[in-house]
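*Asks:*
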Amino acid sequence: MSRLPAIENPQRKPYPSDLSDAEWLIIKPFLPKPKGFGHPVEVDLREILNAIFYVQRTGCQWEMLPHDLPPYTTVYGYFQKWQRKGIWQKIHDQVRHQLRQDLGRDEHSSVAIADSQSVKTTEKKGEVYGFDGGKKVKGRKRHIVVDSQGLLIGVLVTEANASERLGAVVVLHESAQELSKLEVVWVDQGYSGENFAQAVKQVCGEQVRVEVIERISKTFERLPKRWIVERTFGWLNRFRRLSKDYELYTEISEAMIYGSLIRLMVKRMAA
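Residue numbers (the numbering used here): -6 to 264.
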């Protein structure tokens, strides 16, 4: 038996995905406040977030979390509860507002860019999956709308064969509260057509116009307006958990996206 004294709750070594002290101070005010009755919170929310960000960054299964992080049942319980209550999206939107203000921008963007990304699923996931014939991908499609800085405004995860136009309209409609000052929606040629433009006006207002960004050259060219949303997809690819869709339910997939982008924005704000 070792004669070394036992050390209770030794300070663990940090993982690269952990929140720094500065990042924790930024995100802490946006977290749900404990209610004034019942049992006090006995878990460290900072460690809960560190564990969730570890899963998102590394792509590991929940039950494969390292032993020096909180139990995976507790971690996933918080993740799922916050998803059910819409807390991930709420935190995301509040952090995005703060970041836009830090950048000297209005909380609400006058510009939106819509696009979609088809990703494979690891296996048959529930009932929501399909085949994207254009991109030859069997899985799911992420419909996103971002602002002029590439920051996410809204996301919808559907089967891969779902209509891009319909997905974009749904995201715009669900994000109406964040689009009160919207003037223009930039899209690629896959969203062209008068029906889509009229649908956007119906959900966003008659003052909103759709601008289709056309490629003139047949050779590769980086289109500045289109590159904004492509960069956002690039941010998602930094998280191995998002390299495919590993989730059973699309609502969990959307929460994973919100959580990952919260992590990126907080890191940017603390830099």
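Heads up, the beta-carbon is just placed ideally off N, CA and C, and yes, glycines get one too. Since the structure is predicted, the reported quantities are computational estimates derived from the model, not experimental observations.
#1: Whole angstroms is fine: what's the gap from H85's alpha carbon to Y251's?
#2: Taking only three categories from DSSP, how would you classify Q49?
#3: Evaluate E247 with the Cβ neighbour count: other Cβ atoms within 10 Å of its Cβ, from every protein chain shown; 16 or more gives buried, anything less gives exposed.
#4: Measure the alpha-carbon distance for W179 versus D95 and round it to whole angstroms.
#5: Only counting runs of 3 or more residues, tell me where the beta strand (DSSP E) segments fall wholly within the segment 84 to 165, in order along the chain.
#6: On the premise that S109 lies in contact with E171, defined as a C-beta separation below 8 Å, what is that separation, rounded to the nearest angstrom?
#7: When you compare the CB positions of V177 and V104, do they come within less than 8 Å of one another, or not?
#8: Using a Cβ-Cβ cutoff of less than 8 Å, which residues in the same chain neighbour V259 once the five nearest sequence positions on both sides are dropped?
#9: Can you grab the Cα-Cα spacing for the pair E167 / D37, in whole Å?
#10: Which of helix, strand or coil does DSSP assign to D270?
#11: Return the CA-CA distance between L149 and E223, expressed in angstroms with no decimal places.
#12: Rounded to whole angstroms, what is the Cα-Cα separation between V205 and E35?
#13: Here's the rule: buried if 16 or more other CB atoms are within 10 angstroms of the residue's CB, otherwise exposed. What is G147?
#14: Please list, in chain order, all residues of the same chain as Y71 whose beta carbon is under 6 Å from its beta carbon, the five residues on each side excluded.
*Replies:* The short version:
#1: 6 Å
#2: helix
#3: So E247 ends up on the buried side.
#4: 24 Å
#5: Runs found: 104 to 113, 123 to 125, 130 to 139 and 145 to 152.
#6: The Cβ separation is near 19 Å, so there is no contact.
#7: yes
#8: L12, E16, I19, I20 and V88
#9: 33 Å
#10: Residue 270 is absent from the model: the chain starts at -6 and stops at 264.
#11: So the alpha carbons of these two residues sit roughly 17 Å apart.
#12: 52 Å
#13: buried
#14: Excluding sequence positions up to five before and after Y71, its CB lies within less than 6 Å of the CB of I41, all in the same chain and listed in chain order.
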